[in-house]
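Engineer: My questions will all concern the structure given below.
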Amino acid sequence: MYGGDEVSAIVVDLGSHTCKAGYAGEDAPKAVFPSVIGAVDGVEAMDVDVDSTKTNSNSEDSKAESEKDKGKRKLYVGSQALSYRRDHMEVLSPIKDGIVSDWDLVDNIWDHAFRSCLMIDPKEHPMLLAEPPLNSQQQREKAAELMFEKYKVPALFMAKNPVLTSFATGRATSLVVDCGGGSTTISPVHDGYVLQKAVVSSPLGGEFLTDCLLKSLESKGIKIRPRYSFKRKEIRAGEFQVEDVEIPDTTESYKLFCQRMIVGDIKDSICRVPDTPYDDKSYSNIPTTSYELPDG
Numbered sequence: 559m560y561g562g563d564e565v566s567a568i569v570v571d572l573g574s575h576t577c578k579a580g581y582a583g584e585d586a587p588k589a590v591f592p593s594v595i596g597a598v599d600g601v602e603a604m605d606v607d608v609d610s611t612k613t614n615s616n617s618e619d620s621k622a623e624s625e626k627d628k629g630k631r632k633l634y635v636g637s638q639a640l641s642y643r644r645d646h647m648e649v650l651s652p653i654k655d656g657i658v659s660d661w662d663l664v665d666n667i668w669d670h671a672f673r674s675c676l677m678i679d680p681k682e683h684p685m686l687l688a689e690p691p692l693n694s695q696q697q698r699e700k701a702a703e704l705m706f707e708k709y710k711v712p713a714l715f716m717a718k719n720p721v722l723t724s725f726a727t728g729r730a731t732s733l734v735v736d737c738g739g740g741s742t743t744i745s746p747v748h749d750g751y752v753l754q755k756a757v758v759s760s761p762l763g764g765e766f767l768t769d770c771l772l773k774s775l776e777s778k779g780i781k782i783r784p785r786y787s788f789k790r791k792e793i794r795a796g797e798f799q800v801e802d803v804e805i806p807d808t809t810e811s812y813k814l815f816c817q818r819m820i821v822g823d824i825k826d827s828i829c830r831v832p833d834t835p836y837d838d839k840s841y842s843n844i845p846t847t848s849y850e851l852p853d854g
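This is the structure we're talking about:
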């Protein structure tokens with residue numbers, strides 16, 4: 559249900575798991591990347607073989623990753639930048655329990671979405687920010703301050719996530735169940751407005767299910783190896799030998815991030831939700847699905 563004028567507005571939805579950005583009126587976002595940042599602190603940041611000056615906007619690297627120097631801390635944003643392992647790189651999330659806790663990280667994520675993914679000048683585009691239904695006034699003020707004072711946007715509108723979801727399905731009144739990465743929220747929408755007092759939220763979300771699946775696999779002796787932690791050698795046709803690679807300077811947060819990416823793909827690919835209450839006898843005959851891990 560889109561009836562607005564063509565004003566080339568930009569829509570940004572920053573969630574606890576993924577950041578999505580694109581043009582208003584289009585069916586899908588132009589950019590989708592993890593809403594976490596890789597950070598290398600201290601002296602180690604000087605060892606990273608990356609030029610901190612601005613690179614050519616036409617180069618492949620400038621399109622794939624956003625890198626920022628903040629004093630002695632170097633930040634890496636985007637799927638490609640995070641897929642490359644770096645010594646002492648911590649993976650940080652700007653959102654805790656659905657609330658932004660680090661606006662410096664949010665600023666870098668927005669900048670990556672505008673400059674590297676959409677390749678636009680925010681000064682030339684009105685901005686629509688999607689926000690959680692329980693967002694506080696202080697959070698709204700800080701977001702508006704960043705947008706107007708740093709990015710100089712000509713216009714800004716903040717819309718509740720449930721309202722946007724309801725409009726996307728062509729309804730002005732609905733009950734929206736939003737299962738995100740960090741939480742699950744149920745919001746009633748009436749005539750385009752969220753009934754704030756009736757919103758119910760749970761701290762359980764998609765990342766909780768991913769962690770449960772990871773523990774379940776490990777309890778069965780299935781080791782989830784990140785792609786950087788092993789080498790495969792072909793010993794004969796169709797048969798490979800896997801050798802572990804010890805990299806002591808890899809942080810636990812980066813290892814967990816890589817494991818979650820693999821297990822999250824398993825969850826999205828082969829996991830199902832029963833339509834009826836679970837019963838061992840009823841679901842014992844469901845055919846299993848195979849999934850090949852990166853190490854084979």
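Those letters in the sequence shown? Residues 559 to 854, per this note's numbering, in order. The beta-carbon is built from N, C-alpha and C at its ideal position, and this holds for glycine as well.
With DSSP run on the structure shown, which of helix, strand or coil describes V635?
Structural biologist: V635: strand per DSSP, three-state reduction.
Engineer: For the beta strand (DSSP E) containing E871, list its first residue and its last residue.
Structural biologist: A query on residue 871 cannot be resolved here, the shown segment of the chain reaching from 559 to 854 and no further.
Engineer: Are the CB atoms of D665 and L704 within a distance shorter than 9 Å?
Structural biologist: Yes, they are a contact pair.
Engineer: Roughly how many angstroms lie between the CA atoms of T834 and N843, to the nearest whole one?
Structural biologist: Each residue's alpha carbon lies about 15 Å from the other.
Engineer: Looking at I653: is its Cβ nearer than 9 Å to the Cβ of G573?
Structural biologist: Yes, the pair counts as a contact, with Cβ atoms nearer than the cut-off.
Engineer: Using three-state DSSP, classify V831 as helix, strand or coil.
Structural biologist: It is coil, neither helix nor strand.
Engineer: What do you reckon, are the CB atoms on M647 and G596 nearer than 9 Å?
Structural biologist: A contact, by the Cβ cut-off of 9 Å.
Engineer: In the DSSP assignment, the beta strand (DSSP E) including F715 goes from what residue to what residue?
Structural biologist: Start and end: L714 to K718.
Engineer: Label H748 either buried or exposed according to how many other C-beta atoms from any shown protein chain fall within 10 Å of its C-beta, with 16 as the threshold for buried.
Structural biologist: Looking at its Cβ environment, which holds fewer than 16 other Cβ atoms inside 10 Å, H748 is exposed.
Engineer: Are the CB atoms of L762 and I824 within a distance shorter than 9 Å?
Structural biologist: No, they are not a contact pair.
Engineer: Taking only the alpha-carbon atoms, compute the straight-line gap between S774 and T768 and give it to the nearest angstrom.
Structural biologist: S774 and T768: Cα-Cα distance of roughly 10 Å.
Engineer: So, helix, strand or coil for T768, using DSSP?
Structural biologist: Of the three classes helix, strand and coil, the one that applies to T768 here is helix, per DSSP.
Engineer: Determine the direct distance from the alpha carbon of H575 to that of V752, and round the result to whole angstroms.
Structural biologist: If you take the alpha carbons of V752 and H575, they lie about 23 Å apart.
Engineer: Looking only at its own chain, which residues have a Cβ that is under 7 Å from the Cβ of L722, when we skip the five neighbours before and after it?
Structural biologist: A688.
Engineer: With T794 as the anchor, note down where its alpha helix (DSSP H) starts and where it stops.
Structural biologist: The question names Thr, but residue 794 in the sequence shown is Arg. First-last for R794: F788 to R794, but that is the beta strand (DSSP E), not the alpha helix (DSSP H).
Engineer: Closer than 8 Å by C-beta to A702: which residues in its own chain qualify, once you throw out the five before and the five after it? Chain order, please.
Structural biologist: These residues qualify, in order along the chain: L714 and M716.
Engineer: Closest to D585 by C-alpha separation, out of A726, A730 and P712, would be which residue?
Structural biologist: Selected option, being the one with the closest Cα: A726.
Engineer: So, helix, strand or coil for I782, using DSSP?
Structural biologist: Three-state result, I782: coil.
Engineer: With a cut-off of 8 Å, do at least 3 Cβ pairs link the segment 792 to 809 to the segment 629 to 648?
Structural biologist: Taking 8 Å as the limit for Cβ pairs, the verdict is that the segment 629 to 648 does touch the segment 792 to 809.
Engineer: For chain D, check one thing: does any of its Cβ atoms lie closer than 9 Å to the Cβ of V658?
Structural biologist: Chain labels in this structure do not include chain D; a single protein chain is all it has.
Engineer: What separation, rounded to the nearest whole angstrom, lies between the Cα atoms of P845 and L733?
Structural biologist: Spanning the two alpha carbons is a distance of roughly 34 Å.
Engineer: Would you call I544 buried or exposed, if buried means 16 or more other Cβ atoms sit within 10 Å of its Cβ?
Structural biologist: Residue 544 is absent from the structure shown; the chain starts at 559 and stops at 854.
Engineer: DSSP puts I678 in a beta bridge; with which residues?
Structural biologist: Note: I678 sits in no beta bridge, so no partner.
Engineer: By Cβ distance below 6 Å, which residues in the same chain neighbour R783 in space, the five residues on each side in sequence not counted?
Structural biologist: Contacts found: D853.
Engineer: Might you give, ordered along the chain, the residues of its own chain that have their beta carbon closer than 6 Å to the beta carbon of S651, omitting 5 neighbours on each side?
Structural biologist: Only V594 meet the Cβ criterion.
Engineer: Using 9 Å as the threshold, is the C-beta distance between K632 and V590 below it?
Structural biologist: No; because the gap between Cβ atoms is not below 9 Å, this pair is not in contact.
Engineer: Going by other Cβ atoms of all chains shown within 10 Å of its Cβ, with 16 needed for buried, is D838 buried or exposed?
Structural biologist: D838 is exposed by the Cβ-count criterion.
Engineer: Rank P684, S724, S760 and A756 by C-alpha distance to the C-alpha of S741 and give the top, closest one.
Structural biologist: Out of P684, S724, S760 and A756, S760 has the C-alpha closest to the C-alpha of S741.
Engineer: Look at the alpha carbon of D679 and the alpha carbon of Y709, and state the distance between them as a whole number of angstroms.
Structural biologist: Going from the Cα of D679 to the Cα of Y709 covers about 8 Å.
Engineer: If you measure between the beta carbons of S739 and E765, is that distance less than 9 Å?
Structural biologist: Residue 739 is actually Gly in this sequence, not Ser. The answer is yes: Cβ separation under 9 Å.
Engineer: Assuming M685 contacts I568 (C-beta within less than 8 Å), just tell me the rounded distance between them.
Structural biologist: That belief holds up - the Cβ atoms of M685 and I568 are roughly 5 Å apart, short of 8 Å.
Engineer: Buried or exposed: where does A730 fall if 16 or more other Cβ atoms within 10 Å of its Cβ makes it buried?
Structural biologist: Exposed, since its Cβ has fewer than 16 Cβ neighbours within 10 Å.
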